[in-house]
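First the structure, in the form of structure tokens, and then the observations on it.
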């Protein structure tokens, strides 16, 4: 994450300051595009508690205000219902479907493409 064009945030619980997850904004392209990819994960025991929703909302605000991005894109495997619910709850909209988008575990996996635009 130390390379230019990447940013990372730790997501901490407000009740204990314990680290609960990570959110990455990568492949940042500025100029006329002003877009980046979003990646995230929550640590076991913290899922389903709204911690990542709060973290993603905060990171999205930072991406649009501080980084001056116009667009954040998340590519999610169709079976990852928790991740789909997370981006949906943060206002992302589904823009498309990418067959065989990313190689994971030795297999090319389909992904749904979700995006959030600056307001």
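Numbering (my numbering), first residue to last: 23 to 141.
Where is the CB? At the ideal position from N, CA and C, for every residue including glycine.
Computed from a predicted structure; not experimentally measured.
Problem set entry | Distance between residue 105 and residue 129 (C-alpha atoms, nearest Å) | 20 Å
Problem set entry | Contact belief for residue 124 with residue 92 at Cβ below 8 Å, rounded distance in angstroms | Contact flag wrong, Cβ pair sits at about 23 Å.
For this session: Going by DSSP, name the residue or residues bridged to residue 58.
Result: 94
Exercise. What beta strand (DSSP E) runs, 3 residues minimum, are completely inside the segment 64-124?
Worked result: 93-98
For this session: Can you have a look at residue 41 and say buried or exposed, based on whether 16 or more other CB atoms are within 10 angstroms of its CB?
Result: exposed
Problem set entry | Distance, residue 79 Cα to residue 28 Cα | 18 Å
Problem set entry | Three-way DSSP call (helix, strand, coil) for residue 43 in this model | strand
Exercise. Among 63, 76, 127 and 96, which one has its Cα closest to the Cα of residue 133?
Worked result: 96
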